[in-house]
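Heads up: the sequence shown begins at 258 in the UniProt record's numbering, then just goes up one per residue.
Don't be surprised by glycine CBs; every beta carbon is placed ideally from N, CA and C.
The structure displayed is predicted, hence computed values, not measured ones.
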Amino acid sequence: RRPPSRGVFDGTASTRDGYDVDLVANVADPAEADVAANKGARGVGLFRTEFCFLGRGTEPTVDEQVDAYRAVLARFAGRRVVVRTLDAGADKPLRFLTPGHEENPALGVRGIRTAVDHPDVLDRQLEAISRAARSASAEVWVMAPMIATADETREFVAACAAHGLDTAGVMIETPAAALQSRWLLADAAFASLGTNDLTQYTMAADRDLAGVAALSTPWQPAVLDLVRVACAGAAVHGRPVGVCGEAAADPLLAPVLVGLGVTSLSMTPRALAAVAESLARVTLEGCRELAALALDSPTARAARDAVRDAVRRQG
Ligand code: PEP
Ligand code: MG
């Protein structure tokens with residue numbers, strides 16, 4: 258394969274020695290799906306469905322949901338689209354689903370946890386995703402946000418199966434999920450690392466708070482070590498692991514994630530070209546060396562500096 262041309266993403270990416278890495282897009286609605294397709298994305302690694310319904314006081318009907326999902330799926334006919342069930346709560350409250358006041362909303366009823374009190378809402382969403390999947394020809398995978406336990410995973414996978422959604426996965430964005438990945442992935446078909454929340458919960462640092470921004474970086478060796486553990490647990494079952502947090506869009510971090518065992522990177526479409534170029538400069542073995550260097554660093558800054566210097570040497 259020829260190295261990618263500067264600034265242009267042709268839909269595929271691989272390391273210098275030809276190891277393919279799936280580079281796909283994060284989208285929140287049909288307009289973003291258009292942008293992603295125009296930037297060369299051949300699939301969606303994270304469809305944040307809650308953005309279709311923010312600001313609504315009542316639950317959208319199944320028909321409304323089918324229309325919203327189909328509009329995104331239609332732009333990726335024949336391609337994989339990973340649809341995330343509603344990640345409501347914390348910074349993204351949905352009035353029909355999430356509780357009013359919570360002292361610590363980031364630690365509260367958000368994501369899959371809303372299904373405890375509202376299993377019917379999850380059920381209707383899965384019905385809508387299933388109907389949209391049948392009418393559009395995309396390959397639909399479904400995943401749940403904020404999973405922390407194997408029980409949540411098993412229940413989610415069963416709920417998906419009841420709607421004929423056979424490829425059900427989990428987001429790994431809590432340290433518990435990363436540490437338990439070998440149990441979660443016994444049931445889940447795939448995992449996607451939400452490094453934004455994984456960083457927040459590992460470092461105990463609000464992802465939106467400027468005062469703790471220095472802590473809030475996925476270069477933290479503690480975060481990278483959890484990525485390593487999560488990948489190792491998934492490998493026990495031969496399950497694929499992607500990253501769909503901001504970390505995937507960092508051209509210097511992308512080869513480190515690949516070296517840790519990640520096989521798919523989902524990101525804002527404008528980052529695709531730079532990440533593809535970065536991967537094309539290193540070999541898979543080089544990625545593993547970069548990962549080892551980062552893991553062996555005492556601080557986030559040391560990890561980044563070590564990887565930057567090693568990339569220069571390898572290149
Ligand atoms: C994440 O937490 O990394 C993620 C992709 O989910 P969100 O940013 O939507 O919480
Ligand atoms: Mg998240």
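Query - Ile404 in three-state terms, based on DSSP - result: coil
Query raised in the report: Of the choices Leu436, Leu481, Val338, whose alpha-carbon is the least far from that of Thr424?
Result: Val338
Query raised in the report: Would you say Asp454 touches the ligand PEP, meaning its beta carbon is less than 8 Å from a heavy atom?
Result: yes
Query raised in the report: When the Cα of Gly516 is compared with those of Phe304, Ala489, Glu359, which residue comes out closest?
Result: Ala489
Query - Ala506 beta carbon less than 9 Å from that of Gly264 - result: no
**Report entry** Cut-off 8 Å between Cβ atoms - residues of its own chain near Thr459, not counting five sequence neighbours on either side
**Finding:** Pro432, Gln477, Ala479, Val480, Leu483
Report task. Can you give me the Cβ contacts of Leu509 inside the same chain, cut-off strictly under 8 Å, excluding the 5 residues immediately before and after it? Result -> Ser535, Arg561, Val564, Arg565, Val568
Query raised in the report: Given that a residue counts as buried once 16 or more other Cβ atoms are within 10 Å of its Cβ, and exposed if not, what is Leu466?
Result: exposed
Requested in this report: May I ask you to check if the CB of Met524 is nearer than 8 Å to at least one heavy atom of the ligand MG?
Outcome: no
Query raised in the report: For the putative contact between Arg341 and Met400, defined by C-beta atoms under 8 Å, what is the C-beta separation to the nearest angstrom?
Result: 5 Å
Query raised in the report: Taking Cβ positions, are Val378 and Leu354 nearer each other than 9 Å?
Result: yes
Query - Local conformation of Leu343 per DSSP, three classes - result: coil
Query - Three-state class that DSSP yields for Glu387 in the structure shown - result: Looking at the sequence provided, one finds Ser at residue 387 rather than Glu. Looking at Ser387 - three-state DSSP - the assignment turns out to be helix.
Query raised in the report: Taking the Cβ atom as the reference point for each residue, do Asp279 and Arg332 lie within a distance shorter than 9 Å?
Result: no
Query - Cβ-heavy atom distance, Pro402 to the ligand MG, below 8 Å - result: yes
Query raised in the report: Are at least three pairs of beta-carbons, each pair with one atom in the segment 410–422 and one in the segment 385–399, less than 8 Å apart?
Result: yes
Query raised in the report: What three-state label does DSSP hand Ser262 in the structure shown?
Result: coil
Query - Simplified DSSP state of Asp423, which is helix, strand or coil - result: coil
Query raised in the report: Should Glu503 be listed as close to the ligand PEP, given that the test is whether its C-beta is under 8 Å from any heavy atom?
Result: yes
Requested in this report: Give me the Cα-Cα distance between Pro261 and Thr525, rounded to the nearest whole angstrom.
Outcome: 18 Å
Report task. Leaving out five residues on either side along the sequence, give the residues of the same chain with a beta carbon under 6 Å from the beta carbon of Ala347. Result -> Pro362, Ala363, Arg367
Query raised in the report: Taking Cβ positions, are Ala435 and Arg496 nearer each other than 9 Å?
Result: no
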